[in-house]
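Using this note's numbering, the letters of the sequence shown correspond one by one to residues 443 to 581.
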Amino acid sequence: MKTELIGTWEFVELRDAQGNKVDTIFHNVPGLDKQGWEIPKGPLLTYNSDGTYSKQFTPQNTDTGKWHYDKKKKAIIQMLYYEKPYKMAAQYLIDKGHAKKDENGDYYEVITDEVVELTDDKLIILEREGRQRTFKKKE
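Below, the structure is given as structure tokens:
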């Protein structure tokens, strides 16, 4: 377990591959007919010492599951558990074979966050298209 990760992390900023600050991101989700602009504000990350985590996008939209740190890959591996009853997006991922099933029959997906930098109070995660999302540890 990577003890520096334990705690709550607040979003600071998002930068593109060239190091420019990003204020909006366009998303297009194939198969779900969803698209739109995101103003990067989060998420609020909490990594607990018991191996559980939460990723709060909004108070109504929080991912939870289990986490561990992969030293070789320099990555945070998260097992995002789907809430029952499964919503449309979760059911789509289960039907398409993107979700894994644990020994209890619960479905989850594996999300890997590659770590660019980790100190006691700063976390930088690499995202798609070379973007880097910076967080600071909450006091």
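Glycine included, every Cβ here is placed at the ideal spot set by N, Cα and C.
Note that the structure is predicted; figures quoted are calculated from it, not measured.
Is the distance from the Cβ of residue 543 to the Cβ of residue 549 below 8 Å? If you check the CB distance, residue 543 and residue 549 come in under 8 Å.
Determine the burial state of residue 577: buried for a count of at least 16 other Cβ atoms within 10 Å of its Cβ, exposed for fewer. When all chains shown are included, residue 577 counts as buried.
Pick from 581, 449, 568 and 552: whose alpha carbon is nearest that of residue 461? Relative to residue 461, the option among 581, 449, 568 and 552 whose CA is nearest is 568.
Have a look at residue 564 and residue 470 and give me their C-alpha separation to the nearest angstrom. A direct Cα-to-Cα measurement between residue 564 and residue 470 gives close to 30 Å.
Taking the alpha-carbon of residue 458 as reference, which of 573, 580, 525 and 517 has the nearest alpha-carbon? Taking only the C-alpha atoms, the option nearest residue 458 is 573.
Inter-residue Cα distance where the pair is residue 540 and residue 521: CA-CA distance, residue 540 to residue 521, rounds to 12 Å.
Beta-carbon within less than 6 Å of residue 562's beta-carbon, same chain only, minus the 5 sequence neighbours each way: which residues are those? Close CB contacts of residue 562 within its chain, under the 6 Å cut and outside five residues either way in sequence, are with 446 (chain order).
How long is the line joining the alpha carbons of residue 508 and residue 518, rounded to whole angstroms? Their backbone Cα atoms lie some 10 Å apart in a straight line.
Looking only at C-alpha atoms, which of 527, 513 and 537 sits nearest to residue 554? Closest option to residue 554, Cα to Cα, is 513.
Ordered along the chain, which non-local residues of its own chain (more than five positions away) have a Cβ less than 6 Å from that of residue 496? Answer for residue 496: 488, 504 and 506, listed in chain order.
Which residues in the same chain as residue 498 place their Cβ atom closer than 6 Å to its Cβ, once the five residues preceding and following it in sequence are excluded? Contacts found: 485, 486 and 504.
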